[in-house]
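Everything below concerns the one structure shown next.
There are 2 protein chains.
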Amino acid sequence: MRPSTPLDRVAGAHDAAVLAVARRGEPVSRADLAEALGVTPQAISKILGRLMERGLMAGAGSIISGPGKPTTLYRIVPSSRRAIGLHLTRTRVRGVVADLTGEVVAHREIEIGHRQPVPELIETLAAQARELSGLGEGLLLGVGVGMPGPVDVASGVYRGTSAPDPWRGAEIRRMLVEALGMPVLLDHDSRAAIVGETWSQPGLLRNAALVLVEDGLGASLSLDGTIVRGAHSHSGEVGHTVVRMDGVACECGRRGCAQAEFMASLERGDVADAARVLATIVLDLVRLVDVDRVVLGGRTVYTHHEPMMEAIRGALEEGLREEPWVHVEVMLSTRGTDLIAVGAACEVLEHEYGLPTALVGPE
Amino acid sequence: MRPSTPLDRVAGAHDAAVLAVARRGEPVSRADLAEALGVTPQAISKILGRLMERGLMAGAGSIISGPGKPTTLYRIVPSSRRAIGLHLTRTRVRGVVADLTGEVVAHREIEIGHRQPVPELIETLAAQARELSGLGEGLLLGVGVGMPGPVDVASGVYRGTSAPDPWRGAEIRRMLVEALGMPVLLDHDSRAAIVGETWSQPGLLRNAALVLVEDGLGASLSLDGTIVRGAHSHSGEVGHTVVRMDGVACECGRRGCAQAEFMASLERGDVADAARVLATIVLDLVRLVDVDRVVLGGRTVYTHHEPMMEAIRGALEEGLREEPWVHVEVMLSTRGTDLIAVGAACEVLEHEYGLPTALVGPE
DNA sequence: TGACGTAACGCAACAGCGTTTGCTTATTCT
DNA sequence: AGAATAAGCAAACGCTGTTGCGTTACGTCA
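Listed in order, the protein sequences are those of chains A and B.
UniProt numbering applies: residue 1 is where the first sequence begins, and numbers increase by one.
UniProt numbering applies: residue 1 is where the second sequence begins, and numbers increase by one.
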């Protein structure tokens, strides 16, 4: 089960690193890659040899930069692999096909019936995946599913809440693998989102938080280049952080939860106050884990992103006045409404990159 | 500068892992270690060979466990290496000598004058270190310094606050290296603390938070076995998390900061309310990063640890009622008042273990 | 036009990791 | 005493990236 030798992991990590650099789009030279990975150019030749044999990379001509042999350039081959990403919510499923670089090459969205029973839900997801599997080129690696609420990534089970919930305890991954016969991965929406965002800004989100505003509030973290999953794959649930003692009643039974306050403010049209709630959470989070980038994403945030980002920037500037060396960049997600679906697809692609994932196939 | 081959890192990681297992105290067999590291017993022989050559481990007899050749046991040699740890506050310096297992073999505490100028401070620290250097056995690896407030670990500089602060911008590491002629490491107190605690509970704190209550409030994280340091080595500052909008005025200029509320409650003897503040922070933190262990430490907390821990346990039970699979263990630090000093010493020891640290020596 | 310097690159030998295979050693059981 | 069992060692192996050296392809200058 375990890879025969730890050298595999060295190689895997280097392969993944080269692909990550190449994913930025620009053709790269051996020297660039050697610099980026901290290995000799000769090692890069071997790594590129492996990747080219798998069809993931290809030569991209050469440039003359003075005397001497011209530099040979290499590029990633986007169409060599692809993955399907599904974003599941209570009311709809958004699906995308992403190529090896994480670019969306196709998308579909369907509405689903309220409180759909599990077998029907699986069939809906499978049908969506089958339709998408005909789109795009390259070897199809599998299906990633991102959904809100507690998810056990290792087992691929949706844990559900104690409130009446028809999907509670559903073995979504196992059932989808059986229905589709291809590898499937299940993850929490906020974590899928940060993976997707990390892919579209390679190298920039080593220490970053992604604040996700969908039906609830989520926040996922990338610290030191690693996505935080937590002891029970339960990280990211900031929705019930209390921001106002004795505030608005929340469905969780308490008062002043961030997501209750946020939604209540939005409903009564007080965008400024909703933004304030968001800003409070972000500032606390920056203080705790010291991220230098905060990305805002999720369906609910796009309509009001300007005042929200301004509020967050203001709160950070105000709150970090004593620590001027701490600069935090606040930005909007580059993925739009595809964010979570494409993130789930990227998690599948990471498996091909040689990174550890919870992707599990049939048999 | 860079290690000649990545194989060094494989070896280094394995060496460190073996030492981490051996640190638990019980003698271990080749088979135990092979199981723990996920490598073959044959590889363990090679790893142990390296470690024994360096004097870090030694044989510990053999036991007969049925038919066949008896199992040879190995143990760590605590007295083979040692490190000095200094815990610097505004009023005193606590120093310890820790052996290779992170056990304290000696400690000293001295008071320091209020608002001591930097050159004097360095001489105080150096004198403390020189005195400690005569205690304990084994090769002295260096000095670790843990202190509150913003610290730039990479450069070894205390950044200070914008309030009048005589130590602001002091190049503490460089000056200490020059004064002592041995490697020195400077880190934030809350991070030193979690390193110290991780050492005394090997393997148990893979996903843990350490809440430090000294003059201020701190919280450091160990996620997936890695200590969170942040983009500007500024993680852990939860003291100014707002828990009560329009609460007690804080020296930072805002109202309702956790540490202001906590201290105000303590001063008027309302331990229950102070505990509530702590519990709020812990619950939010658990929701965000999903740690399964919370350790309480720091001078201020020991006198009231019972009600504080109960309050935290209560808040967690209450707040996680919907997620019964999330169990969080709440415990008191095992290090007592040595916590930060010993943690700083452990950070120095980690360098010998082959782990990356900010330990920098002379020349 | 041709010799020379330069820079990128490939081939081959190398060091070091853990793995595999086969043998040796030390104990218990028959 | 002899067989069975389990631990440990030694050597060969596969794999990584590194090092050293030769080859290729370009610009420059006589």
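Heads up, the beta-carbon is just placed ideally off N, CA and C, and yes, glycines get one too.
For clarity, every value in this text was computed on a predicted model and none was experimentally measured.
Query	Result
CB contact flag (A:V145, A:L186, <9 Å)	yes
Residue from A:A264, A:A231, A:H87, A:V93 with nearest C-alpha to A:A154	A:A231
Reduced DSSP secondary structure (H/G/I, E/B, other) of B:S215	The residue asked about is misnamed: residue 215 of chain B is Asp in this sequence, not Ser. B:D215 falls in the coil class under three-state DSSP.
Coarse secondary structure for B:R50, derived from DSSP in three states	helix
Cross-strand partners of B:S220 (DSSP beta bridge)	B:L210
Neighbourhood of A:V105 by C-beta distance below 6 Å, restricted to the same chain and skipping five residues each side	V97, D99, G136
Between the CA atoms of B:A264 and A:L332 - distance to the nearest angstrom	39 Å
Cα-Cα separation between A:L33 and A:A17, rounded to whole angstroms	9 Å
Integer-rounded CB distance, given that A:P27 should sit under 8 Å from A:R81	The pair is not a contact, with the Cβ atoms about 19 Å apart (cut-off 8 Å).
Counterpart residues of A:R81 in DSSP-defined beta bridges	A:L139
Residue-chain proximity (B:G61, chain A), Cβ-Cβ < 9 Å	no
Nonlocal neighbours in the same chain, by C-beta distance under 6 Å from residue 364 of chain A, ignoring five residues either side	No answer is possible for residue 364 of chain A: the residues shown for chain A start at 1 and end at 363.
Pair within 9 Å by beta-carbon distance, A:E123 and A:A179	yes
Contact list for B:R268 against chain A, beta-carbon separation under 9 Å	By Cβ distance, chain A contributes nothing, its closest Cβ being about 18 Å from B:R268, past 9 Å.
Three-state class that DSSP yields for B:L185 in the structure shown	strand
Range of the contiguous alpha helix (DSSP H) that encloses A:H107	Segment 104-111 is the beta strand (DSSP E) holding A:H107; no alpha helix (DSSP H) there.
Distance between B:L37 and B:H14 (C-alpha atoms, nearest Å)	7 Å
Min CB distance B:W167 to chain A below 9 Å	no
Test: B:A32 CB closer than 9 Å to a CB of chain A	Rather than Ala, the amino acid found at residue 32 of chain B in this sequence is Asp. Answer no: the Cβ-Cβ gap between B:D32 and chain A never drops below 9 Å.
Listed by chain order, chain B residues near A:W325 by CB distance under 9 Å	P150, D152, R159, H232, H234
Three-state secondary structure (DSSP) of A:M1	For A:M1, the predicted structure reports a pLDDT of 30, less than 50, and the residue's modelled location is therefore unreliable. The matter cannot be settled from this model.
Sheet register partners of A:L37 (DSSP bridge)	According to DSSP, A:L37 bridges with nothing at all.
Where A:M219 meets chain B, residues with beta-carbon distance less than 7 Å	Here the sequence assigns Ala to residue 219 of chain A, which means Met is not the residue at that position. The contacting residues are L288.
Close-in-space but distant-in-sequence residues of the same chain around A:A127 (CB under 7 Å, 5 per side omitted)	none
Where the region 171-194 of chain A meets chain B: residues whose CB sits under 8 Å from a CB there	none
Reduced DSSP category for A:D152 - H, G, I as helix; E, B as strand; rest coil	strand
Reduced DSSP secondary structure (H/G/I, E/B, other) of A:C257	strand
Outcome for B:E306 when other beta-carbon atoms lying within 10 angstroms are tallied against a minimum of 16	exposed
Cα-Cα separation between A:H227 and B:A11, rounded to whole angstroms	The sequence given here places Ile at residue 227 of chain A; His does not occur at that position. Each residue's alpha carbon lies about 26 Å from the other.
Outcome for residue 377 of chain B when other beta-carbon atoms lying within 10 angstroms are tallied against a minimum of 16	Chain B is shown only over 1 to 363; residue 377 of chain B falls outside these bounds and no answer can be derived.
A:D338 versus A:G297: straight-line alpha-carbon distance, rounded	10 Å
Environment of A:R173 [buried if 16+ CB atoms lie within 10 Å]	buried
Beta-carbon spacing of A:A170, A:G85 below 9 Å	no
Where A:E251 falls, given that 16 or more other Cβ within 10 Å makes a residue buried	exposed
Selection of the region 195-224 of chain A by Cβ proximity to chain B, strictly under 8 Å	R206, N207, A219, L221, L223, D224
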